[in-house]
Each structure stands twice: as C-alpha cells, then as structure tokens.
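Visitor: Protein chains in written order, with full-length UniProt numbering: chain A, 1 to 329; chain B, 1 to 329.
By construction, the Cβ of each residue, glycine as well, lies at the ideal position given by its N, Cα and C atoms.
All figures in this text were calculated on a predicted structure; none of them were measured in a lab.
Number of protein chains: 2
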Amino acid sequence: MKRPTIHDVAAAAGISRGTVSRVLNGDRYVSPAARIAIERAIAETGYVVNRNARNLVRQRAGSVVMVLSEPPFEDPNYTTTIRNAIRRLGERDLSLVMMIAGDDREREQVLRYVRGGHADGVFLLSTHAGDPMVDTLHGAGIPVVSCGAVIGRETVIPYAACDERGGARQMAEYLVSRGRKKIAMITGPMDTPGGIQRLEGFADVLGRKASKKLIEHGDWTHASGETAMARLLERVPDLDAVFAASDVMASGALHTLRAAGRRVPEDVAVGGFDDSSVAISTHPPLTTVRQPLGDVARETVRLLLALIDGAERVDSIALPTSLIVRDSA
Amino acid sequence: MKRPTIHDVAAAAGISRGTVSRVLNGDRYVSPAARIAIERAIAETGYVVNRNARNLVRQRAGSVVMVLSEPPFEDPNYTTTIRNAIRRLGERDLSLVMMIAGDDREREQVLRYVRGGHADGVFLLSTHAGDPMVDTLHGAGIPVVSCGAVIGRETVIPYAACDERGGARQMAEYLVSRGRKKIAMITGPMDTPGGIQRLEGFADVLGRKASKKLIEHGDWTHASGETAMARLLERVPDLDAVFAASDVMASGALHTLRAAGRRVPEDVAVGGFDDSSVAISTHPPLTTVRQPLGDVARETVRLLLALIDGAERVDSIALPTSLIVRDSA
DNA sequence: ATGAAAGCGCTAACAG
DNA sequence: CTGTTAGCGCTTTCAT
C-alpha cells in the first residue's frame, strides 16, 4: 500500500511515464485521448507528485524561507505578515519554511540551509542593520528580499515597506494642526528603519522645533516607553504632546503620564504607530498610524517571485499609511 | 561553479562516496583516517548535503507542517509558539513549513500536501471543534499532534496545552479570596478548549454561584469583551468582579466599565487570561493567568517527534499556569 | 572497514 | 505526439 508513483499511473493508463510527466507539467503536445486517460488514472490511483524527486531533477527547492531575526518584540504584526506571505506563495505552489536567526548558531543554520539549495528565495523580516548574514546571503546568489528595509543595504536588498517617513509626517502634522506646541518624540532603536525614518518624518514637520531635548530613544518595548516618557517629562515638564514610534511604547508613555497626573489628551496628546491590537486596549484608545501590513507582505512576495522568475532587479516600494484618529490625541 | 556533491567530496578525499555517506550520517565502521580525510574534504569543498536527494531515497520529507486555522489569527501568542517550535524542530534538522487552513480550498491544499508525503508530521494550532480536516489527516496515517486540545478529538489527537481549567480555578479562587461576592465571567467561544475549560474551572470554584446570569460568551475579540460586559452590567448591576477568558476581552470589559463609571478594581475587579502583551498596556494593568507558551510549544513538538520516531502512542500533557497579580484585581 | 552498484521518483532531451 | 533513456545526489545493501 505504498504511495503510487508516476510509474503506476503510466501503467494504469497504458501510456509511458514520459507522457504522464508531460500532462503533470501542463506540456503542450499531448493528445486529448492520452491526457484524458492519464487524468483518469491519476484520479483512480490517488497519485500525488513526489516533490523530492521533482525538485531533485529540477534542481529547485520548491520553497521560500522566511527568516525572523530574533530580538524580542512580541510583535503582533508578524502574524499578519506570515499569513499573507503564505497565501501568496501558495498560489505558486511554493511552501513557506520558517527559520529564526537570533544568534550566530542560528544564522549559520540559515546560511547552510540556503546554500544547500534548500530554498528558492529568502524573505527577510525585521533584519538588523549590520547583520552579517545579509551580505553572505546576497553573495550566495539566491534571491533575497526584505519586508521592511534593511538599514545600510537598501540598495542591495529590495524591499517592500510602509512609507515610514510619510506616516510619521502625518502624525506630526496632525499634532501640530491640533494646536500642540511642544511635541516630543519617543523613537524606536536607531538601527531599524522604523526607528530612523519615523524620526525623520517627525523632524520634517517640526523642523528646528524637534530639538534634542524633545527626543528620547526606546527599544519598542512597553518598559522603554515608560522610562523615555519619564525622562522627557523631567526635561521638558511643559510638553503638550508626544509621538511614540510604536503603540506599545505609547502605552508605556500613557502609564507614566497617568502616574505623573497628566491628563490625556487634555494636558498631553499621545500618538502611536502601527495600529496594533494594543492601540484599542489602552485608555484612552490610541490615535495612531496604520500600516498596510497585508499589502506590504504581499508586495514583498511579489518582488521575491519576480526575482525567482529571473528578473535582473526589482524596485523597492513604499506603501502609504493612514492616520487613525481615536481619543489619545 | 556548481554546488559540490558527495561525489566531489569523495574525489577530493580519495575515498568512495559510500564511505563519505557513512561519515555524513555518523555511521560507525569508518576508520579514523578516512573520517579525517573526508571531513577535511567537506570543509574544503564547502559541501552541503542535498536534502532532496537524501529525502528521496529515505522516503521522508524532512519537514513538519504547522497548520494554522484561521479565525483568531490576531492572537499575539502565535509568534511565541512558532518560535519555540522552530527551535526544537531545528535541533532535529527538520524544517517547519507553515500552512493556513482557513477555508475549504486551503484545507484541501493542506490535505494534498500531507498526503503527498511532503511532511513527516503535522502540528495543529487553534483547530476548531468539528474541523473535517482533522479526521482525514489522522486517517492518512501521518503523525498529528495539536498545540492545545482539539475539542471532540482529545483522545485521538495527542496534544500539549496549559492547564486551562486549573488556571481558571486559580483566578476564581483569587477573586473569592479578595472578598468578591458577585463574580461574573466572559468566556471564549464554546467550541474551543479555552472557552470550555476556563468556564469549567470557574464553575469548579464558584459552584452554584456561577449562575447563568453571570455568564456571557465572547469570541476572543476586544469588541466582544465590551458588549459582553455591557450585558452583564445590565443584568447584574451589582456585580463586583469579572473574569474574562482572555486579556483582549478583559481590555474590552475595562472600557465598558469605565464608560459606566465603575472604578477598577475598587468597584469591580477584573481578571484576564494569557498574560499577553495587552495585559500591561491596559489601565489598570491586568491581573491575569500566564500560560507557559514556550513550554507548551516545545512539549507539542516533543510529542510529534516521538510519533515520528515510531512511538505507538504518546500521552497528552497539561502544563501548569501561574497567576500574575497586577492592579486590576 | 570500504568499494561497487542498485535504485528512490521524476524530468527532459532525443529519437522516431 | 509519444516512448525511451539518461541522469539529479544520495543511501544502502552486498560483497570483499
């Protein structure tokens, strides 16, 4: 009761395996009669192609590997990205293999995997600036794209991302339009696109008013949002707005503000970024910037597929964000 | 400049491919001299085994597929589970392929994939009661385990989970110990283990006091927490505590309570479940029940590996939860 | 302890 | 249009 092979199908249809292979691969040059007989034989035997055999001879892997770079963040966004990538890849009959590149051992594992020809392409997620794996991967000659820019490698690794800078500008402009005068910012880590570009967008709008005193750096965590806000409050007691580069950090800032007796948004307006699940669980609910995560994932896959199909190069793309106004600002 | 094969390694070492294969697979019966020569040749050539070829002859897939059932996809917990599963699987050189089974088409795709022998085992996540795919999968004779019980198939699909019922008991006992008298509950969907068993644990402790009036059903979303709380308040205005089966629903309840002018925890104590990222972003931060998610994922993989290694059957396991006391109760 | 050889299931080039 | 054939790279007897 072994699984049927192409041989069994051929026997059942009374036709050679070569022809069976042809109909399997949608080749032209197959007589209708043969095609019908074979299709019936396939249905009868319950035949399913053996990918190992197929990929062995085709010298392909039949899969794409998504590499998650460790550090912490319990980013609720990952799930959306993964789902959309799977969907899109599935349409092309490519499977999605997940790997983690958190420490050197794991990075080595990814490299071995990819160099071993086990993947037809690489989908990077949240890769850090200066990650040595990136160049090695790229040097291996395998298609590599990233969901979100890879800082320092923007020109070598194509990517799809949301318009980080533009999104931050939207928020900053909104805060200004609401009459806020002293607007502070809690940025993300400065070796990530979200950390860098959201600050740039903020500075675009505030100009010289975006003084050093009004900028604090966080690491995307709730705790870092709390401490950054505390420092800001100490330095600039009369600030009347703060833009946190993520909803999670914004929720931390909210805690500190409440502890300090500031009312939100009356005394201090608070803006977030991501529109993650956290945004509606805070009090007050966060005014934030929504990223078109699903679209970003789909576009990333599109770039990867183009590369796999042989495109010499593809153009990175930034998708527009939208401002979601709730009660915090 | 093709990738080196086992043949190249053999040539470089001046030894037959058979022996090279032996050292590759840690076979005994290889002379130290040969082993050393081969290992050097492997390093020199940069050889990496071709999985397609290996799996073809071994009649294995070399991967495990994790099947995500659609709906509660926003669950921040997925990421932790995925991470831990990848880690554990990686130790055995198995890769993790992700698939989604949200609609019939996708379920069919999963079935084809698995029946096609493309996976050595199946790791189910958040599968619904009555999902037809489960029986088919199990009937296909491939090892299948679930992270969290599959309602109605607890005895046929082995699983690892947290002690849902015990965790709910912890929360209920805590609320009672704090002197709360009228304790309500917002459950999850009653076709999920978390929905059913957390209610059971609640009832274990409250006994007859867990009357119908005090129970509302939610669907894990923030919005359902809001409306459930509203109904509860209308029915039992003098309730003094509420236990929501998830942090997200608890955050919804918090909103409704605030809108109704109830203070938390003074007037109404609120308990959650999961200790997800939402738990610390609410105001006040949630007292909740923590699930040992990483351990659950690891144990699930352990069961699957045992099955793959030929175990006739394995025992499901429930891991203890812990009560995390914050300010909401 | 190791070499030789027979495939694993499939595709693709080549005749016809 | 279709049958035949030569591998893809690796593991695994079977001899030796």
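At the 8 Å Cβ level, is Phe73 of chain B part of the contact set with chain A, yes or no?
Guide: Bear in mind that the predicted position of Phe73 of chain B carries a pLDDT of just 46, short of 50, making it unreliable; the figure below should be weighed with that in mind. Yes, because at least one Cβ of chain A sits closer than 8 Å to the Cβ of Phe73 of chain B.
Visitor: Of all the options A:Leu305, A:Pro265, A:Ser322 and A:Ala85, which has the alpha carbon lying nearest to the alpha carbon of Val289 of chain A?
Guide: For Val289 of chain A, the nearest C-alpha among the options comes from A:Ser322.
Visitor: If we count Cβ pairs, one from each stretch, closer than 8 Å, do we get three or more for the segment 280 to 294 of chain A versus the segment 123 to 143 of chain A?
Guide: Counting Cβ pairs under 8 Å, fewer than three are found: no touch.
Visitor: For a contact meaning CB atoms closer than 8 Å, what does Ile86 of chain A contact in chain B?
Guide: Neighbours of Ile86 of chain A on chain B, chain order: Met98, Met99 and Ile100.
Visitor: Kindly say whether Leu304 of chain B, judged by its beta-carbon, lies nearer than 8 Å to any beta-carbon of chain A.
Guide: So no, Leu304 of chain B is outside the interface.
Visitor: Going by beta carbon distance, what residues of the same chain come within less than 7 Å of Phe73 of chain B, once the five residues before and after it are set aside?
Guide: Low confidence applies to Phe73 of chain B: its pLDDT is 46, below 50, so where it sits in the model is not reliable, and the reading given next is rough at best. No residues qualify anywhere along the chain.
Visitor: Kindly identify the DSSP beta-bridge partner or partners of Thr187 of chain A.
Guide: DSSP lists A:His217 as partners of Thr187 of chain A.
Visitor: Give the range of the beta strand (DSSP E) segment to which Thr288 of chain A is assigned.
Guide: Start and end: Thr288 to Arg290.
Visitor: Give the single residue among A:Asp327, A:Asp93, A:Val110 and A:Val176 whose Cα lies nearest to the Cα of Val264 of chain A.
Guide: Nearest option by C-alpha distance: A:Asp327.
Visitor: For His217 of chain A, which residues of its own chain have a beta-carbon under 6 Å away from its beta-carbon, when the five flanking residues on both sides are left out?
Guide: Around His217 of chain A: Thr187.
Visitor: Less than 8 Å between the beta carbons of Ile142 of chain A and Val114 of chain A, yes or no?
Guide: Going by C-beta atoms, Ile142 of chain A is nearer than 8 Å to Val114 of chain A.
Visitor: What number of angstroms, rounded off, separates the C-alpha of Ala259 of chain A from the C-alpha of Leu233 of chain A?
Guide: Rounded to whole angstroms, Ala259 of chain A to Leu233 of chain A spans 11 Å at the Cα level.
Visitor: Going by C-alpha to C-alpha distance, which of A:Leu68, A:Arg88, A:Tyr159 and A:Gly90 sits closest to Thr80 of chain B?
Guide: Closest option to Thr80 of chain B, Cα to Cα, is A:Leu68.
Visitor: Candidates B:Asn52, B:Glu106, B:Asp103 and B:Ile100: which alpha carbon is nearest Leu94 of chain B's?
Guide: Among B:Asn52, B:Glu106, B:Asp103 and B:Ile100, the Cα nearest to that of Leu94 of chain B belongs to B:Asn52.
Visitor: Compare the C-beta of Tyr78 of chain A against all C-beta atoms of chain B and say whether one is closer than 8 Å.
Guide: Yes, Tyr78 of chain A counts as interfacial toward chain B.
Visitor: To the nearest angstrom, report how far apart Tyr159 of chain B and Val30 of chain B are at their CA atoms.
Guide: Near 41 Å, if we compare the C-alpha coordinates of Val30 of chain B and Tyr159 of chain B.
Visitor: Using a cut-off of 9 Å between C-beta atoms, extract the partners of Val49 of chain A located in chain B.
Guide: Within chain B, the residues near Val49 of chain A are Gly116.
Visitor: Looking at C-alpha atoms only, which residue of A:Ala33, A:Pro32, A:Gly46 and A:Val23 is the closest neighbour of Asp8 of chain A?
Guide: Closest option to Asp8 of chain A, Cα to Cα, is A:Gly46.
Visitor: With DSSP as the reference, label Ser224 of chain B as helix, strand or coil.
Guide: Of the three classes helix, strand and coil, the one that applies to Ser224 of chain B here is helix, per DSSP.
Visitor: How big is the Cα-Cα spacing for Val144 of chain A and Asp267 of chain A?
Guide: The straight-line gap from Cα to Cα measures roughly 47 Å.
Visitor: Is Gly218 of chain A close to chain B? Criterion is C-beta to C-beta, closer than 8 Å.
Guide: Output row for Gly218 of chain A: interface = no.
Visitor: Given that a residue counts as buried once 16 or more other Cβ atoms are within 10 Å of its Cβ, and exposed if not, what is Asp274 of chain A?
Guide: When all chains shown are included, Asp274 of chain A counts as buried.
Visitor: Span of the beta strand (DSSP E) holding Leu319 of chain A?
Guide: It spans Ile317 to Leu319 - the beta strand (DSSP E) in which Leu319 of chain A sits, taken as one unbroken run.
Visitor: At what residue ranges does the segment 85 to 163 of chain B contain a whole run of the alpha helix (DSSP H), taking only runs of 4 or more?
Guide: As far as the segment 85 to 163 of chain B is concerned, its whole alpha helix (DSSP H) runs of at least 4 residues are 104 to 115 and 132 to 139.
Visitor: Starting from Ile82 of chain A, find everything on chain B with Cβ-Cβ shorter than 7 Å and list it in chain order.
Guide: Those within 7 Å of Ile82 of chain A in chain B are Met98.
Visitor: Looking at the C-beta of Val301 of chain B, does it have a partner C-beta in chain A at a distance below 8 Å?
Guide: No, Val301 of chain B lies away from the interface with chain A (no Cβ there is under 8 Å from its Cβ).
Visitor: Among B:Ile15, B:Arg60, B:Asn84 and B:Val23, which one has its Cα closest to the Cα of Leu293 of chain B?
Guide: Minimum Cα distance to Leu293 of chain B is reached at B:Asn84.
Visitor: Just to check my reading of the structure: Val23 of chain B and Ile38 of chain B have Cβ atoms closer than 8 Å, yes? What is that Cβ distance to the nearest angstrom?
Guide: Val23 of chain B to Ile38 of chain B, Cβ: 5 Å. Contact.
Visitor: Asp219 of chain B to Leu89 of chain B, Cα distance in whole Å?
Guide: Approximately 32 Å, taken between the alpha carbons.
Visitor: For Arg298 of chain A, would you say it is in contact with chain B, using Cβ-to-Cβ distances shorter than 8 Å as the test?
Guide: Output row for Arg298 of chain A: interface = no.
Visitor: So with Cβ pairs under 8 Å, would you call Val264 of chain A a contact of chain B?
Guide: No, because no Cβ of chain B sits closer than 8 Å to the Cβ of Val264 of chain A.
Visitor: For a contact meaning CB atoms closer than 7 Å, what does Gln291 of chain B contact in chain A?
Guide: Those do not exist, as Gln291 of chain B stays about 14 Å from chain A at its closest Cβ, beyond 7 Å.
Visitor: What residues are listed by DSSP as bridge partners for Ile324 of chain A?
Guide: Note: Ile324 of chain A sits in a beta bridge opposite A:Thr288.
Visitor: Does the Cβ of Val242 of chain A have 16 or more other Cβ atoms within 10 Å, making it buried, or fewer, making it exposed?
Guide: By the 10 Å Cβ count, Val242 of chain A comes out buried.
Visitor: So, do the segment 299 to 306 of chain B and the segment 147 to 161 of chain B have three or more beta carbon pairs nearer to each other than 8 Å?
Guide: Yes: the two stretches touch, three or more of their Cβ pairs being nearer than 8 Å.
Visitor: Under DSSP, the alpha helix (DSSP H) around Ala241 of chain B begins and ends at which residues?
Guide: No alpha helix (DSSP H) holds Ala241 of chain B; the beta strand (DSSP E) holding it covers Ala241 to Ala244.
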